[in-house]
Amino acid sequence: MKKNTVTTLAEMKKRGEKISQITCYDYSTARIFDDAGINSILVGDSLGMTMQGYEDTLPVTMDEMIVYGRSVGRACKNAFVVVDMPFMSYQVSAEQAVANAGRIMKECGANAVKLEGGRTVCPQISAITACGIPVCAHVGMTPQSVNSFGGFKVQGKGEENARRVLEDALAVEKAGAFMVVLECVPPKLAALITKKTRMITIGIGASAGCDGQVLVYQDMMGMSDLTPKFVKRFAEIGEQMKSAVSEYDREVKSGEFPSAEHTYPKSDCSDEFLGVLDSEYKDIGEE
Ligand code: KIV
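For the sequence shown, numbering that gives the first Met the number 0 gives the first residue as 0, with consecutive numbering after it.
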């Protein structure tokens, strides 16, 4: 398998081949996803919810993104690794955005950074891309703005909003983004944006009209309680983990585990020597 890059992904878009992306936040899972042939892994700030149990992504810090991001970065031989810039790590200024994007690239071994917003974050996108760092933008439902939206709601509904989402996408392209996530955008609008931009469009709740798709892995593996309309559960790993852990619990308590198969009897000393040790040292409770 060949490492996915900005070039190979752009060629896939040109050929009309769909691009697969999935979120991931740790080394061992990233290795499995990388081996499975996924084109790209997104270390999303959704980790605030999936890994840390927050209600939204706002509390996630740069230092936390670095810890999760570098675990994934080390695992990926083939997948193109995108790491999210967390809330307030780029909004303040272009300088702040460049410093934090640089940290992500250096410390995580990422291939690109992602940030949320349209026209308002164009100066940040221009400044980051000017440093040779590929940027994935994110328009439509941008979870870091959940408080402004009044909840996680579909965006681009109605003519005015549809124009706003399209113009945001065109603006981030002009600023230098090579990829854009379209989140919770109606299908025909997502297809229109995909037709109007050279950027790779990655949809989540935005239909098959995009160049590729991304899903949060715990959602599609059946490991979360929430199943938004746009999520397909491809497996029930949560149920499998639950039954494996309850079987382990049962076997530990019954003494069935560990059996001889899972111990090292050949390394034991002779019974004679163990008898000597037994006589030399007191049992618990012996005076
Ligand atoms: O943080 C994340 O996982 C994301 C995806 C939902 C696109 O931004």
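C-beta: ideal position from N, C-alpha, C; glycine also.
Taking only heavy atoms of the ligand KIV into account, decide whether any of them is closer than 7 Å to the Cβ of residue i.
i: S45; result: yes
i: D167; result: no
i: V180; result: yes
i: I65; result: no
i: T200; result: no
i: V153; result: no
i: V145; result: no
i: D83; result: yes
i: V213; result: yes
i: L41; result: yes
i: T56; result: yes
i: T22; result: yes
i: I203; result: yes
Less than 7 Å separating the Cβ of residue i from some heavy atom of the ligand ATP?
i: H137; result: Absence of the ligand ATP from the depicted structure is noted, with the ligand KIV being the only ligands included.
Should residue i go down as buried or exposed, given a rule of 16 or more other Cβ atoms within 10 Å for buried?
i: I283; result: exposed
i: C268; result: exposed
i: L188; result: buried
i: S7; result: Looking at the sequence shown, residue 7 is not Ser but Thr. When all chains shown are included, T7 counts as exposed.
i: N146; result: exposed
i: Q51; result: exposed
i: P133; result: buried
i: Y216; result: buried
i: L41; result: buried
i: I31; result: exposed
i: F272; result: exposed
i: M0; result: exposed
i: V251; result: exposed
Where DSSP assigns a beta bridge to residue i, which residues make up the other side?
i: H137; result: G116, V180
i: S39; result: Q20, F79
i: G202; result: L181, Q212
i: A111; result: V81
Taking Cβ to Cβ, would you say residue i is nearer than 8 Å to residue j?
i: I18; j: S39; result: yes
i: L287; j: A136; result: This structure leaves residue 287 out entirely; the chain is present only between 0 and 286.
i: K12; j: I199; result: yes
i: E182; j: T128; result: no
i: R102; j: A170; result: no
i: G221; j: G204; result: no
i: V138; j: Y89; result: no
i: D33; j: A96; result: no
i: A168; j: A126; result: no
i: A100; j: V91; result: no
i: S206; j: P186; result: yes
i: N110; j: F79; result: yes
i: Q143; j: L57; result: yes
i: G211; j: I201; result: yes
i: M219; j: V230; result: yes
i: V184; j: V213; result: no
i: T196; j: E159; result: no
i: G131; j: G72; result: no
i: N77; j: K194; result: no
Give a yes or no on whether 8 Å exceeds the smallest Cβ distance from residue i to chain C.
i: E279; result: The structure shown contains no chain C, having only a single protein chain.
Problem set entry | contact_flag[the region 56 to 64, the region 4 to 24] where n(CB pairs < 8 Å) is 3 or more | no
For this session: Could you tell me whether the region 154 to 170 touches the region 63 to 83, using the rule of 3 or more Cβ pairs below 8 Å?
Result: no
For this session: Count the C-beta pairs between the region 30 to 49 and the region 75 to 86 that are closer than 8 Å, then say yes if the count reaches three, no if not.
Result: yes
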